[in-house]
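Accompanying notes for the structure given below.
In UniProt numbering, the protein residues as written are 1 to 410.
Written out as structure tokens, the structure is:
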């Protein structure tokens, strides 16, 4: 197939969830023998070889902060959500028009609802949208969790994004979500929507044969993502003191880019907490931990960091918001506790129970191997493309056509 892949954020280096997803989808499409033209906002010049070797053609569209702000004001008049307005560009619009008029693509893949305003320019070609998360669900949960002066703005944005998610789900030929929870937040009954999860690079996040004997537990995540930042602060304020009441010999590592000043100050108050900031390789912190804690109270989608920890054989303790999309079995391949006291108590118990930790970590690795291989998930993506193309052909020309064969992946 010849695929036009459009992304609002350049997929390399894959430091954020949508970049990780796009990069691994591009890798999968290349491995399966398909031709891809990537069009993306970005500044990457020259094009990184890691992306160039995956695509037949790469087009970078500059999008400065000044342009984004101008687009935001334009979006207010059109009643677009901020998520969409900030990523609107007349230059990208013209590039898409030119590209789809002179080249014959089998399908166009848009990533994120931010690109919805461009959909109408290419409706002569089968087109799908990968929503990834339901952004409105993330915003709604954040507004419910925090009391602040910006809550009315967050609720307004959540409502606007939700409206656009629903409209987009009906206008594209097909839509993809990262989890059933995100999909169901937008539409329960639309048969053009499917779920395709993120995968894990099982070789890169390899299984550690033996757990460390040190009482280290770790959180890994980008601190510019509010649910990560808020979750860590909540953990330090409400759960960490309960752990200290029962044990002293432990270290909590907070690993991730862009820690805010208030988080830096909070961590500095505790000798048992190490805040690393950005690191070259998160794996050494995973492999040096007995437990991975993910105390998120908000957010949406699938937490890649949890899957990566499970792949490394590091037992994970987390909340229902995080565990439900993953669909791992509580107290078997993952530990789920929502009450602060139970969360703290389970950490203390597990740190002193190596047999239980070993049982969980073996189950965790097996679970990830069975459910989150990128190879399997990218086959699902190709099958979805093929089914979408066939439906598009049928709608445009109801006479019998030669179908693109969709392989059934079991």
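Ideal placement from N, C-alpha and C gives every residue a C-beta, glycine not left out.
Being a predicted model, the structure only gives us computed values, none of them experimental.
So residue i and residue j are in contact, right, with Cβ under 8 Å, and what is the actual spacing, rounded?
i	j	result
residue 341	residue 242	6 Å
residue 320	residue 338	5 Å
residue 351	residue 271	Not quite, the Cβ-Cβ distance comes to about 18 Å (not below 8 Å), so this is no contact.
residue 191	residue 127	At roughly 17 Å, the Cβ-Cβ gap does not stay under 8 Å, so residue 191 and residue 127 are not in contact.
residue 129	residue 68	Contact flag wrong, Cβ pair sits at about 21 Å.
residue 93	residue 122	About 10 Å; that fails the 8 Å criterion.
residue 378	residue 28	3 Å
residue 317	residue 293	6 Å
Helix, strand or coil for residue i per DSSP?
i	result
residue 253	strand
residue 296	coil
residue 318	strand
residue 313	coil
residue 368	helix
residue 231	helix
residue 7	strand
residue 281	coil
residue 125	coil
residue 35	strand
residue 40	strand
residue 263	helix
residue 236	helix
residue 302	coil
residue 394	helix
residue 154	helix
residue 185	helix
residue 192	coil
residue 409	Any reading at residue 409 must be qualified, since the residue scores a pLDDT of 41, below 50, and its modelled position is unreliable; no value is offered.
residue 413	Since the first residue of the chain shown is 1 and the last is 410, residue 413 is not available in this structure.
residue 401	Only weak support exists for where residue 401 lies, its pLDDT of 49 falling under 50; the coordinates are left without a value.
residue 347	helix
residue 146	coil
residue 269	coil
residue 258	coil
residue 360	helix
residue 243	helix
residue 417	Here the chain covers residues 1 to 410 and nothing more, so residue 417 does not appear.
residue 176	strand
residue 79	coil
residue 159	helix
residue 30	helix
residue 373	strand
residue 15	coil
residue 290	coil
Beta-carbon within less than 7 Å of residue i's beta-carbon, same chain only, minus the 5 sequence neighbours each way: which residues are those?
i	result
residue 8	41, 87, 111, 112, 114, 115
residue 154	139, 142, 143
residue 18	9, 111, 112, 132
residue 246	348
residue 25	378, 381
residue 234	295, 297
Near residue i, which residues of its chain fall below 6 Å by C-beta distance, leaving aside the five closest residues on each side in sequence?
i	result
residue 160	81
residue 224	258
residue 367	328, 333
residue 305	220, 221
residue 14	20, 23
residue 363	332, 333
residue 11	19, 22, 23
residue 394	none
residue 313	207, 208, 361, 365
Short of 8 Å in beta carbon distance, which residues of its chain neighbour residue i, apart from the five on each side in sequence? Order them along the chain.
i	result
residue 308	200, 205, 220, 282, 286
residue 89	41, 61, 63, 67, 71
residue 411	The question about residue 411 has no answer here: the residues shown for the chain are numbered 1 through 410.
residue 166	186, 187
residue 397	none
residue 124	100
residue 119	110, 127, 129, 168, 171, 172
Return yes when at least one heavy atom of the ligand NAD lies under 8 Å from the C-beta of residue i, else no.
i	result
residue 355	Inclusion of the ligand NAD in the displayed structure is not the case, the ligand content being empty and no account of it being possible.
Discussion item. Whether or not the stretch 101–118 and the stretch 2–10 are in contact is what I'm after, with contact meaning three or more pairs of Cβ atoms, one per stretch, closer than 8 Å; do they touch?
Written reply: Touching, yes, given that three or more Cβ pairs across the two stretches are closer than 8 Å.
Discussion item. Within 8 Å, do at least three Cβ pairs link the stretch 299–318 to the stretch 177–189?
Written reply: A contact exists between the stretch 177–189 and the stretch 299–318.
Discussion item. So, does the stretch 206–225 touch the stretch 239–253, judging by three or more C-beta pairs under 8 Å?
Written reply: In short, these stretches touch, since the Cβ pair count reaches three.
Item to complete: Could you tell me whether the stretch 55–64 touches the stretch 127–137, using the rule of 3 or more Cβ pairs below 8 Å?
Response: With a cut-off of 8 Å on Cβ pairs, the stretch 55–64 is not in contact with the stretch 127–137, counting fewer than three such pairs.
Discussion item. Between the stretch 356–366 and the stretch 199–213, can you find at least three pairs of beta-carbon atoms closer than 8 Å?
Written reply: Taking a cut-off of 8 Å on C-beta distances, the stretch 199–213 touches the stretch 356–366, as three or more cross pairs fall below it.
Item to complete: Answer yes if the stretch 29–48 comes into contact with the stretch 387–397, meaning at least three C-beta pairs across the two stretches below 8 Å, and no otherwise.
Response: Contact fails: fewer than three Cβ-Cβ distances are below 8 Å.
Practice prompt. Just list the beta strand (DSSP E) runs in the stretch 203–227, keeping only unbroken ones of 3 residues or longer that don't cross its boundaries, in chain order.
Written response: Note on the stretch 203–227: whole beta strand (DSSP E) runs with a minimum of 3 residues are 216–220, in chain order.
Item to complete: Give a yes or no on contact between the stretch 168–177 and the stretch 185–192, applying the rule of three or more CB pairs nearer than 8 Å.
Response: The stretch 168–177 vs the stretch 185–192: in contact.
Discussion item. Restricting to runs no shorter than 4 residues, where is the alpha helix (DSSP H) found entirely within the stretch 83–138?
Written reply: Along the stretch 83–138, the alpha helix (DSSP H) occurs as fully enclosed runs of 4 or more residues at 90–102, listed in sequence order.
Discussion item. Which complete alpha helix (DSSP H) runs does the stretch 40–72 hold, if anything under 4 residues is left out?
Written reply: Correct list: 49–52.
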